[in-house]
Amino acid sequence: MAASSAAGKQQTSKNGDHEPGGQGTSHKLLEHLADYKGIILVSHVHPDPDSLGSMLGLAYLFKKKLKKNSVITRDGFIGRAENQAMVRCLDIDLKPIEDVVWKDNYAVVMVDSQPNTGRHTIPDDVEIAAIIDHHEFSGTTKGVPFVDVRAGLGATCTLVTKYLMEQKLDPSEEIATALFYGIESELTGYPREATPQDDGALLYLYQYASKDLLAEIKSARLPLPYFETLIQALQNSFIYDHLIMSWAGDLAQPELAAEIADFLIRFEEVAWAFVCGVYENNLIMSVRTVNAKGRAGELLQEVVEDLGKAGGHDRRAGGSIPLDSTAPSALENIRTILRKNLLNALDIDEQRGQRLVARRELLESIQG
Ligand SMILES: [Mn+2]
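Each number in this note's numbering corresponds to the 1-based position in the sequence shown with 1 added.
Here it is as structure tokens:
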């Protein structure tokens, strides 16, 4: 049976250097899903372009090869302006996860994520038929009949593109644009966490992708709260040796922490950036490093301890801590613990942070 043979590939697929199943992986997935009436595609909360592109690409594969329809879901809302632009420009029809009717004859396929990562709101009793992902240390894949996790790849969209290529299926302009942007956005920054397979997929997709839509997505216009949070974060950024820590305060949307971390890591005097802020009753954290082998995901897990959840890749990580209280003193307590743990994890001596922007200059510019 396809299910058991796919599960047998689990060990090799954890190692990114291998090609689990080789040419046969997409065949096995299609075979595994052949008896279902349709497919429900799910991803992590606040789906990013890699999640959206992967879901779109797989829906296209299932439609073309199995003649089956897929429901593409959205867990939580999409905050980043570029990601909203992607949904709008490509006219992606997303069903809010809370509106999904879970039926036994529909296969639930999870992309760019794994169960039990704390990054889902799908009910616990929903059975996952397949996982297609590139995250190294994540939740549990136990008991899931089809697992293709290739931690060596830069993006899940790369894996989905390989499936399309295996099946000799040329992507439509919309699908190619989505997959291309999914890979490209996942590999931004320097150094890139990319492999020759990621670049190969980009090269293949580029010929089919709409360059105008790509440009429109990348230059998405930004709302006022973006600038308000940015200035709050810049005014509350402190340098500790090769680390910059920034307090962004209330986040208009949870992805703002990552957007600011992406910006701060470009500061030439630091190797690590940590940004946190409050969204609803959660402390949202984002970490970036310029170290290619920084193991940012593991580092953030170490920093967060059992206060909350964290995960990520070598250069990027994110996490959240549920808050009992958002009173200033409660927030200050958690920030103190995080600062101590972070300095410890990065081998930086306890010290007073240096402001990125001196207080005197802040006051002068306000008065001016
Ligand atoms: Mn991804």
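Virtual Cβ for every residue (Gly too), placed ideally from N, Cα, C.
All values reported here derive from a predicted model rather than from experimental measurement.
Quiz prompt | Buried versus exposed, by CB contacts within 10 Å (16 or more), residue 255 | solution = Buried, since its Cβ has 16 or more Cβ neighbours within 10 Å.
Quiz item: Tell me, which residues are paired with residue 1 by DSSP?
Solution: Only positions 2 to 369 of the chain appear in this structure, which leaves residue 1 out of reach.
Quiz prompt | ligand 1 site residues, beta-carbon cut 6 Å against heavy atoms | solution = The filter returns 51, 113, 135, 156, 157 and 187, in chain order.
Quiz prompt | Three-way DSSP call (helix, strand, coil) for residue 108 in this model | solution = Taken through DSSP and simplified to helix, strand or coil, residue 108 comes out as strand.
Quiz prompt | Nearest neighbour of residue 277, chosen from 286, 72 and 298 [CA to CA] | solution = Closest option to residue 277, Cα to Cα, is 286.
Self-check item: Inter-stretch contact (C-beta, 8 Å, three-pair minimum) for the stretch 126-141 and the stretch 104-118
Solution: Flag = yes, the stretch 126-141 and the stretch 104-118 touch.
Quiz item: Since residue 54 and residue 180 are thought to touch, with beta carbons under 8 Å apart, how far apart are those beta carbons, to the nearest angstrom?
Solution: Contact check for residue 54 and residue 180: beta-carbon distance about 5 Å, within the 8 Å limit, so the pair qualifies.
Practice problem: Report yes if the C-beta distance between residue 141 and residue 198 is below 8 Å; otherwise report no. | Solution: Residue 141 places its beta carbon 8 Å or farther from that of residue 198.
Quiz prompt | Inter-stretch contact (C-beta, 8 Å, three-pair minimum) for the stretch 356-365 and the stretch 232-240 | solution = These segments touch.
Quiz item: Of all the alpha helix (DSSP H) runs that stay within the bounds of the stretch 202-251, which reach a length of 4 or more residues?
Solution: Listed in chain order, the alpha helix (DSSP H) elements of length 4 or more contained wholly in the stretch 202-251 are 212-219 and 225-236.
Quiz item: Quick one: Cα of residue 365 to Cα of residue 231, how far?
Solution: Each residue's CA atom was taken as its position, placing residue 365 and residue 231 some 19 Å apart.
Quiz item: If you drop the 5 nearest sequence neighbours on each side, which residues of the same chain put their C-beta closer than 8 Å to that of residue 78?
Solution: Correct list, in chain order: 47 and 254.
Self-check item: Nearest-angstrom Cα separation, counted from residue 26 out to residue 9
Solution: Caution applies to residue 9, whose pLDDT of 38 falls short of 50 and renders its modelled position unreliable; the model cannot decide the point.
Self-check item: 7 Å Cβ shell around residue 367 - same chain, five flanking residues per side excluded
Solution: Correct list: empty, nothing qualifies.
Practice problem: At 4 residues or longer, and completely inside the stretch 39-100: list those alpha helix (DSSP H) runs for me, N to C. | Solution: Listed in chain order, the complete alpha helix (DSSP H) runs (minimum 4 residues) inside the stretch 39-100 are 50-67 and 82-90.
Exercise. Could you check the C-alpha separation between residue 148 and residue 30 for me, to the nearest Å?
Key: Within the model, the alpha-carbon separation for residue 148 versus residue 30 is close to 9 Å.
Self-check item: residue 280, enclosing beta strand (DSSP E) - first and last residue
Solution: Start and end: 273-280.
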